[in-house]
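*Asks:*
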Amino acid sequence: MVPHEPGASACLQVVRRALSFLLDRFAPRKAAWPSIQLKRKDEVQIDMITIRHGTTRVVRTAIVVAALCAASQGVHAGHTASMGIGVGTASPVNTESAVTLPQGRWAVGVRTEYTNFEDFSDEELAALRERNPEGGLDAVDSLLNASIGGFYGITDDFTLGLRLPYVRRDNLREPEEEAAEGAGPEVARLGNIDGIGDLVLFGQYRFFHMPDKQYAAIQLGVKMPTGDTNERSRDKRIEADQQPGTGSWDGLFGLAYTYWFSPFAFDASVLYTLATEGSQDTELGDAFNYNFALSYRLGGGQQGVFYAPRQGLAWDLIVELNGEWRDKLEVDDLENPDFGGHVLYFSPGARLTVGSNWTFAVSGGVPVVTDLNGTNLADPDFRIIGSVGLSF
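The opening position of the sequence shown corresponds to residue 1 in my numbering, with each subsequent residue numbered one higher.
Here is the structure:
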């Protein structure tokens, strides 16, 4: 059970009122609304497909849940999941798109992201502890973030969505203080830490578009403290930055831009996460994600209907740059200098569209810039992202 956090009830009321305002403002009066419940419970990605229906242009969608967080995986300097909002088109895998779902359209999807980190032996961890007795030195072998998401087009310009992640960290270890005089530090093996992460609710509003050409959208969301925050190992509660959930209410603020020039497409997006204090009096630090993607449709594509479904299969080749920055962690208002930093990934990938409803995507990422704070041990070697989605 998720522990009660101060201010959670008030925040929940704010979210409900915001939803009511958005539905009253943008929804058609006779629309049939799905039942939306805010329950206790990161890097969803939506893929758009454009088709022609008679003489009018209709945007229809096939969805792939991202990984966010972003997902994108977020800044690995803190081992935390991305807060990427996850509304995208069929071109990028990680970069957000400015294209929105059509009114009345549903989409669901699953996205899995695996990140492998630089390996540190027990001897290396112990040596680091001797040189830095007060440092926040913990290491994991890998991080898995798998999420499910659902989305609904309230109007052609406004999409409402949510996503729920499962988070797993393998082989968590941390050097302890000296076990005996002159014995040197030992390394505590805390095992695998896994559980349900924080639920993200978001909206994307398209404020500008030139049909089948250019799109721009604003993204707003909230990450709720619904994830597991009480995981334990060796009768000890795991530190907040290694828990599946954060225990904090965080705000998400983003912008996205899409430009189609068949057979290419260009997407760019930025997302800022405003973190607040969560479990164990810990604030994980604000985060900033920036992304650029260039996509190419194999075999060409008709201008203005770049994502049009075809009989059979359609392939997109993708190249992305995905940047992630996170601020330092604070515990009881004391800053941890060994947390956060900046990572930039080069991420080639591909996407397969099957018919008009299914999409499959894969992306690999290698860090080309790694600038972590202090003795942060979350140095990524590579990451792999896979996703599958369905629209109806």
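Note that the Cβ used here is the ideal one computed from N, Cα and C, for glycine as well.
DSSP three-state label for Leu137, please.
*Replies:* In this structure, Leu137 counts as coil in the three-state DSSP scheme.
*Asks:* Using a Cβ-Cβ cut-off of 7 Å (strictly less than) and excluding sequence neighbours within five positions of Leu199, which residues of its own chain qualify?
*Replies:* Result list for Leu199: Lys41, Leu162, Leu164, Met224 and Thr226, in chain order.
*Asks:* Assign Asp212 to buried or exposed, taking buried as 16 or more other Cβ atoms, counted over all protein chains shown, within 10 Å of its Cβ.
*Replies:* By the neighbour-count rule (16 or more Cβ atoms within 10 Å), Asp212 is buried.
*Asks:* Does the separation of the CB atoms of Ala314 and Ala293 fall below 9 Å?
*Replies:* Taking 9 Å as the Cβ cut-off, Ala314 and Ala293 do not qualify as a contacting pair.
*Asks:* With DSSP collapsed to three states, give me the class of Gln242.
*Replies:* Of the three classes helix, strand and coil, the one that applies to Gln242 here is helix, per DSSP.
*Asks:* Could you check the C-alpha separation between Gln236 and Phe207 for me, to the nearest Å?
*Replies:* At residue 236 the sequence reads Lys, which differs from the Gln that was named. Roughly 49 Å separates the two Cα atoms.
*Asks:* Using beta-carbon positions only, say whether Asp338 and Gly365 come within less than 9 Å of one another.
*Replies:* No.
*Asks:* Taking the straight line between their C-alpha atoms, what separation do you get for Ser121 and Thr112?
*Replies:* Roughly 27 Å separates the two Cα atoms.
*Asks:* On the premise that Tyr166 lies in contact with Ser142, defined as a C-beta separation below 8 Å, what is that separation, rounded to the nearest angstrom?
*Replies:* At roughly 14 Å, the Cβ-Cβ gap does not stay under 8 Å, so Ser142 and Tyr166 are not in contact.
*Asks:* Would the segment 236–247 count as touching the segment 260–274 if we require 3 or more Cβ pairs under 8 Å?
*Replies:* The answer is no - the segment 260–274 does not touch the segment 236–247, with fewer than three Cβ pairs under 8 Å.
*Asks:* Have a look at Ala256, Arg351 and Pro367 and flag the residue whose alpha-carbon is nearest the alpha-carbon of Phe360.
*Replies:* Of Ala256, Arg351 and Pro367, the residue nearest in Cα terms is Arg351.
*Asks:* Sort Gln243, Glu335 and Phe202 by Cα distance to Asp250 and report the nearest one.
*Replies:* Cα-wise, what sits closest to Asp250 is Phe202.
*Asks:* Let me check understanding here. Comparing Cα to Cα, which of Gly389, Ala188, Thr276 and Gly285 lies closest to Arg234?
*Replies:* Closest by alpha carbon: Ala188.
*Asks:* What is the residue span of the alpha helix (DSSP H) that Leu125 lies within?
*Replies:* From DSSP, the alpha helix (DSSP H) with Leu125 extends over Asp122 to Arg131.
*Asks:* Using DSSP with H/G/I as helix, E/B as strand and the rest coil, what is Gln103?
*Replies:* DSSP places Gln103 in coil when its eight states are reduced to three.
*Asks:* Can you tell which of Pro175, Asn171 and Tyr205 has the C-alpha that lies nearest to the C-alpha of Gly191?
*Replies:* Of the listed residues, the one whose Cα sits closest to Gly191 is Asn171.
*Asks:* Looking at C-alpha atoms only, which residue of Thr159, Leu390 and Leu137 is the closest neighbour of Pro175?
*Replies:* Minimum Cα distance to Pro175 is reached at Leu137.
*Asks:* Does the beta-carbon distance from Val110 to Ala139 come in below 9 Å?
*Replies:* Cβ atoms of Val110 and Ala139: not closer than 9 Å.
*Asks:* Out of Glu96, Trp358, Leu321 and Gly247, which has the shortest C-alpha to C-alpha gap to Ser347?
*Replies:* When each option's Cα is compared against that of Ser347, the closest is Leu321.
*Asks:* Kindly identify the DSSP beta-bridge partner or partners of Gly341.
*Replies:* In the DSSP output, where bridge partners are listed per residue, Gly341 has Arg326 and Leu372.
*Asks:* So, with DSSP's three-state summary, where would you put Asp250?
*Replies:* Of the three classes helix, strand and coil, the one that applies to Asp250 here is strand, per DSSP.
*Asks:* Start and end of the beta strand (DSSP E) containing Arg383?
*Replies:* Here the beta strand (DSSP E) through Arg383 covers Pro380 to Ser391.
*Asks:* At which residue ranges does the segment 152–225 contain complete beta strand (DSSP E) runs of 3 or more residues, listed in the order of the chain?
*Replies:* Within the segment 152–225, the complete beta strand (DSSP E) runs of at least 3 residues are 158–178, 185–196, 200–210 and 214–223.
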